[in-house]
Amino acid sequence: MENRIYTFPIVIILFSLVLESGCVVNNNKCTNDKSGYFAEQYRPQFHFSPQSKWMNDPNGMVFYEGEYHLFYQYYPDSTVWGPMHWGHAVSKDLIHWEHLPIALYPDSLGYIFSGSAVIDRNNTTGFGRKGVPPMVAVFTYHNAEREKAGKIDFQTQGIAYSLDKGRTWIKYAENPVLKNPGIKDFRDPKVFWHEETNRWIMILAAQNKIKLYSSPDLLIWKYESDFGAKTGAHGGVWECPDLFSMKIDEQGRTKWVMLVSIVSGGPNGGSATQYFVGDFDGNKFTCETAETKWIDYGKDNYAGVTWSGVPEEDGRKLFIGWMSNWEYATTVPTHKWRSSMTFPRELILKRTENDYQLCSLPVKELELIREQCYVVPNQDIKGDFDVRGAIPFKASSLEISLDFEWNQQVQKIGIKLSNSAGDELEAFYSGTNESFTIDRSKLKGSSFSKDFSGIHKAPFIAKKRLKLQILIDESSIEIFVNNGELVMTDLFFPSDNFEQITILASGDNISIKEAKFYKLKSIWSNTPLLKQKVID
Ligand code: FRU
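Just so we're on the same page, our numbering is the position in the sequence shown counted from 1, plus 7.
Quick look at the structure:
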């Protein structure tokens, strides 16, 4: 079979987005030279990462006046976890991010752990001024001194508000708003307005379960119910929950989805996020799904939650996760910064025969950074198919869209990335094992943790058709299988860049219905830099 590849100009969709042109502060001079910026080995080019130092969970995601806010667990003094702050960035399109100064600093009540943010449109808190509704952050205070002293009540919930679009924050003088009831792990509040009962609901993680509270004003909280002590996976402490309703059909019927991250015991080891589908009546969540379900079967999507305040006309449920795993997050081989977020995703709840399935897809704004597209013509293939040389860009920052069909058995179908140093990464479907696999066991630079190298599997059945949308960004791969029915996210750290892509195909009568390779533009090339001290 002839391996012909055609190029064609992609239609560049011009969104009416005008990026502010920023400058790089270099020797105290403002220049447009951004060479070297975000160019370190393994530095993601189209995923969010902090300019420097340690980051973990996404926090306080809220959309307000044309901006998506992304706060995050941040330690500005080191590339390993430490006293937590809330870092901050904003985006107008979920793709290009502007780094902003730290939003919340630790204080006498403790470090600022994970939490959420809402726009208090009805000014229930009374923090609003002159018709400006407050943006309210609800977070966990972690008091390290009380923890050291052997107390168990060292986590409480506090709030802060901003009247200038999240740029400056005032902590509430009467914090904490929710005291610790005597539970060691009591954290990560996610708050939302519950229309039907006209009040705020807070969901938080309490060791091996979820606790729900309600409030008229975000200041006084009343306990409502518990969920989950005997449901779902319990391989580790529960963390970072979320609860939201989603449409299941065109008639507008809805179901409630609860996300719960667990620090260990994920489907492929370590941290992962499970979900439950059911109903929420304003007091209590009841789960309808029997077996444990995972939002992502890879090892590197943790603590993800959804944006609040997304306008109804948009209507999407937008999600982002922390692209790492507590098993090895503090030892991955990046030096200036540690960790990035997943690519922002749209969640879709599908009704299956007797169940529900939460699907994820990369947000459509991804199209904004498609630069060039190379297409492999549709054809039948009988074996592995080498795309080397045909794609005039490195296999380091790209989107791949593949669609295969076969009429009998398929043993292995997917992709392999490799380089001349002998590193290999494979991602493939196996009809024989009815599973999808990411194999990162053949990477040279994985000795930083005994838990990193490995083969990650997800149960999956493809019926004679397999569609893959794959995002590769320097040191991460995200695979969305059959319109997001299965997702796998994995980091990888090869000893050198991958330069070769092979389509893996073994089975009977496999044909390519689509094979497109998009070069993606770096999101950092036009992004204003934070004009304050950057800690090196
Ligand atoms: C999850 C988590 C949260 C906590 C935060 C601390 O990764 O452990 O439960 O609030 O990180 O940084």
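Yeah, the Cβ is synthetic: ideal placement off N, Cα and C, and Gly gets one too.
{"Asked": "Residue 116 and residue 165 closer than 8 Å at C-beta", "Found": "yes"}
{"Asked": "DSSP state of residue 5 mapped onto helix, strand, coil", "Found": "Residue 5 falls outside the range modelled here, since the chain spans only 8 to 543, and no answer is possible."}
{"Asked": "CA-to-CA distance, residue 259 to residue 147, given in whole angstroms", "Found": "35 Å"}
{"Asked": "Exposure label - residue 174; buried when at least 16 CB within 10 Å", "Found": "exposed"}
{"Asked": "Distance between beta carbons of residue 404 and residue 481, contact taken as under 8 Å", "Found": "6 Å"}
{"Asked": "Contact check, residue 108 vs residue 344, beta carbons under 8 Å", "Found": "no"}
{"Asked": "Neighbour-count burial assignment, residue 547, 16 or more Cβ in a 10 Å radius", "Found": "Because the chain here runs from 8 to 543, residue 547 falls outside it and cannot be looked at."}
{"Asked": "Closest residue to residue 208 among 200, 215, 214 (Cα-Cα distance)", "Found": "200"}
{"Asked": "Integer-rounded CB distance, given that residue 430 should sit under 8 Å from residue 369", "Found": "Contact flag wrong, Cβ pair sits at about 25 Å."}
{"Asked": "Beta strand (DSSP E) segment containing residue 409, residue limits", "Found": "404-412"}
{"Asked": "Residue closest to residue 301, alpha-carbon to alpha-carbon, out of 484, 525, 275", "Found": "275"}
{"Asked": "For residue 246 and residue 270, believed in contact at Cβ under 8 Å, the rounded distance", "Found": "6 Å"}
{"Asked": "Beta-carbon proximity check, residue 232 vs residue 186, cutoff 8 Å", "Found": "no"}
{"Asked": "According to DSSP, residues forming a beta bridge with residue 466", "Found": "442"}
{"Asked": "Option in 79, 417, 52, 55 with minimal Cα separation from residue 65", "Found": "79"}
{"Asked": "Meets three-Cβ-pair contact criterion under 8 Å: the segment 382-401 and the segment 350-361", "Found": "no"}
{"Asked": "Near the ligand FRU: residue 147 beta-carbon under 7 Å from a heavy atom", "Found": "yes"}
{"Asked": "Distance between beta carbons of residue 519 and residue 385, contact taken as under 8 Å", "Found": "5 Å"}
{"Asked": "Reduced DSSP secondary structure (H/G/I, E/B, other) of residue 132", "Found": "coil"}
{"Asked": "Simplified DSSP state of residue 527, which is helix, strand or coil", "Found": "strand"}
{"Asked": "Contiguous beta strand (DSSP E) assignments of at least 3 residues, all confined to the segment 201-254", "Found": "206-213, 216-222, 229-234, 245-254"}
{"Asked": "When 333, 103, 312, 337 are compared against residue 531, the one with the closest alpha-carbon", "Found": "103"}
{"Asked": "Alpha-carbon spacing of residue 525 relative to residue 408, whole angstroms", "Found": "8 Å"}
{"Asked": "Nearest-angstrom beta carbon gap, residue 521 and residue 477 [assumed within contact, 8 Å]", "Found": "Not a contact, Cβ separation roughly 13 Å."}
{"Asked": "Local conformation of residue 163 per DSSP, three classes", "Found": "strand"}
{"Asked": "Contact check, residue 568 vs residue 460, beta carbons under 8 Å", "Found": "The structure shown does not extend to residue 568, since the chain is modelled only from 8 through 543, so no value can be given for it."}
{"Asked": "Which of helix, strand or coil DSSP assigns to residue 96", "Found": "strand"}
{"Asked": "contact_flag[the segment 458-472, the segment 490-499] where n(CB pairs < 8 Å) is 3 or more", "Found": "yes"}
{"Asked": "C-alpha gap between residue 419 and residue 442, whole angstroms", "Found": "10 Å"}
{"Asked": "Residue 124 (DSSP reduced to helix, strand or coil)", "Found": "strand"}
{"Asked": "Residue range of the beta strand (DSSP E) that includes residue 486", "Found": "483-488"}
{"Asked": "Nearest-angstrom Cβ-Cβ length linking residue 145 and residue 198, presumed shorter than 8 Å", "Found": "5 Å"}
{"Asked": "Close Cβ partners of residue 239 (< 6 Å) along its chain, the five nearest in sequence each way excluded", "Found": "281, 299"}
{"Asked": "Same chain, Cβ closer than 6 Å to residue 249, neighbours up to 5 away in sequence not counted", "Found": "197, 266, 312, 313"}
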